[in-house]
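Each residue of the sequence shown is one higher than the one before, counting from 1 in full-length UniProt numbering. The beta carbon of each residue, even a glycine, is placed where N, CA and C say it ideally should be.
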Amino acid sequence: MSLFWRIFSMNAAVLVVAAVLLLGPWVTVSSPVVLREALVVIAGVLCMLVANGLLLRVGLAPLQRLSRAMASADLLRPGGRPEVTGHGEVAELIETFNTMLERLETERATSSARVVSAQEAERHRVARELHDEVGQTLTAVLLQLKRLADTAPDELRDGLRTAQETTRDSLDEIRRIARRLRPGVLDDLGLVSALRALLDEFAAPGITVRHHFGPGLPPLGHEAELAVYRVAQEGLTNAVRHADASRIELWLRRAADGDAELVEVVELVIEDDGHGLRGADEGFGMRGMRERALLVGARFLVESGAGRAKSTDGAGGTDGRDGTGGADGTGGTTVRLLVPVERESR
């Protein structure tokens with residue numbers, strides 16, 4: 001039965017019951033209307049309205065649940081689907097919405113994969129040009145400054161030495177930028193060595209950076225390793241630049257995830273003692289980490305202070321653990337990435 005005929009039937013049933021009561025011996029109306037009869041008619045109208053409202057609420061409840069699901073749908077948190085309830089057009093509408101949402105998630109995953117691939121290719125190109133073009137040019141300038149400083153008069157030698165040091169610092173910075181754009185150590189020495197080198201870059205006075213690499217880490221695919229590295233890079237950047245953290249700890253270990261289909265995972269954890277998210281909306285960096293997690297079928301969780309972890313995975317669930325960021329349990333941020341092992345190592 002369509003939604004139209006269901007509502008029509010409910011209203012018709014209420015009116016028919018009212019008409020039967022008026023035509024039967026139970027309710028009579030005289031002329032002029034006496035107070036008792038008027039009260040009976042008013043009570044009957046109120047009963048009709050209440051019955052009609054209850055029937056409409058029951059009939060339209062699936063549409064209200066669908067409306068809430070549509071308002072809360074987020075393609076970066078896939079898997080959530082409203083339950084198909086009701087009959088006829090209502091059930092077909094919910095099924096159509098679920099199909100549309102699944103198609104949009106698939107299309108977003110495909111487009112995100114293309115964007116990330118193009119982004120990595122562009123980073124590789126920029127890093128190569130910085131290393132080959134700008135780096136070689138600065139190296140040539142550095143050699144020329146050294147030759148001039150060796151033969152220059154004493155009154156010019158100090159200035160040339162200063163320019164030489166400035167050029168050397170610029171060359172080192174160019175090389176650091178190139179390494180961040182394209183971590184060659186990740187391709188040459190693996191994920192653990194790449195993370196160690198990344199942590200060394202964020203070590204600075206006033207910031208304590210520690211790492212804990214678990215034994216027996218299983219091999220991951222290239223895309224998964226790159227996702228782990230980029231999430232670590234973005235998490236460390238957020239902790240240093242935005243959270244004003246003084247202590248950062250990183251774990252990479254083999255773990256078990258009972259909420260996922262594949263129990264065995266490689267877990268990346270980045271914990272800092274900064275001021276936490278403080279209710280701020282997610283920026284491009286956080287959304288980029290979620291997209292990278294989705295591309296490799298991983299779960300991404302963010303915990304701030306004593307709040308409950310929020311996750312992004314195929315089921316759209318949470319891991320049920322309380323946040324542990326911050327030394328006193330009230331601040332800091334903890335980022336977790338759980339990469340399934342079997343899916344990547346087949």
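Checklist line | Inter-residue spacing [alpha-carbon to alpha-carbon] between residue 193 and residue 247 | finding: 21 angstroms
Notebook entry, point to check: Does the distance from the C-beta atom of residue 341 to that of residue 265 stay below 8 angstroms?
Noted result: yes
Next item on the list: Output the distance between the C-alpha atoms of residue 140 and residue 223, rounded to the nearest integer angstrom.
Entry: 37 angstroms
Note to self: If contact is defined by three or more beta carbon pairs under 8 angstroms, each pair taking one atom from either stretch, is the segment 196-207 in contact with the segment 123-140?
What the structure shows: no
Notebook entry, point to check: Opposite residue 272 in the DSSP bridges: which residues?
Noted result: 248 and 333
Check: Around the C-beta of residue 62, are 16 or more other C-beta atoms found within 10 angstroms, so that it is buried, or is it exposed?
Finding: buried
Margin query: Counting C-beta neighbours from all protein chains within 10 Å, is the total for residue 122 16 or more, i.e. buried, or is it exposed?
Written below: exposed
Check: Should residue 15 go down as buried or exposed, given a rule of 16 or more other Cβ atoms within 10 Å for buried?
Finding: exposed
Note to self: Can you give me the C-alpha to C-alpha distance between residue 32 and residue 49, rounded to a whole angstrom?
What the structure shows: 25 angstroms
Next item on the list: List the DSSP bridge partners of residue 45.
Entry: None, per the DSSP bridge assignment.
Next item on the list: Under 6 angstroms Cβ to Cβ from residue 84, same chain only, skipping five residues before and after it: list those, please.
Entry: 91, 94 and 95
Next item on the list: Would you tell me roughly how many angstroms separate the C-alpha atoms of residue 18 and residue 105, rounded to the nearest one?
Entry: 50 angstroms
Next item on the list: Could you say if the segment 290-299 and the segment 221-235 meet the contact criterion of at least three C-beta pairs nearer than 8 angstroms?
Entry: yes
Margin query: With H, G and I counted as helix, E and B as strand and the rest as coil, what does DSSP make of residue 260?
Written below: Residue placement at residue 260 is poorly supported in this model, since its pLDDT is 49, which falls under 50; the coordinates still yield a value, given next. The answer is coil: DSSP assigns residue 260 none of H, G, I, E or B.
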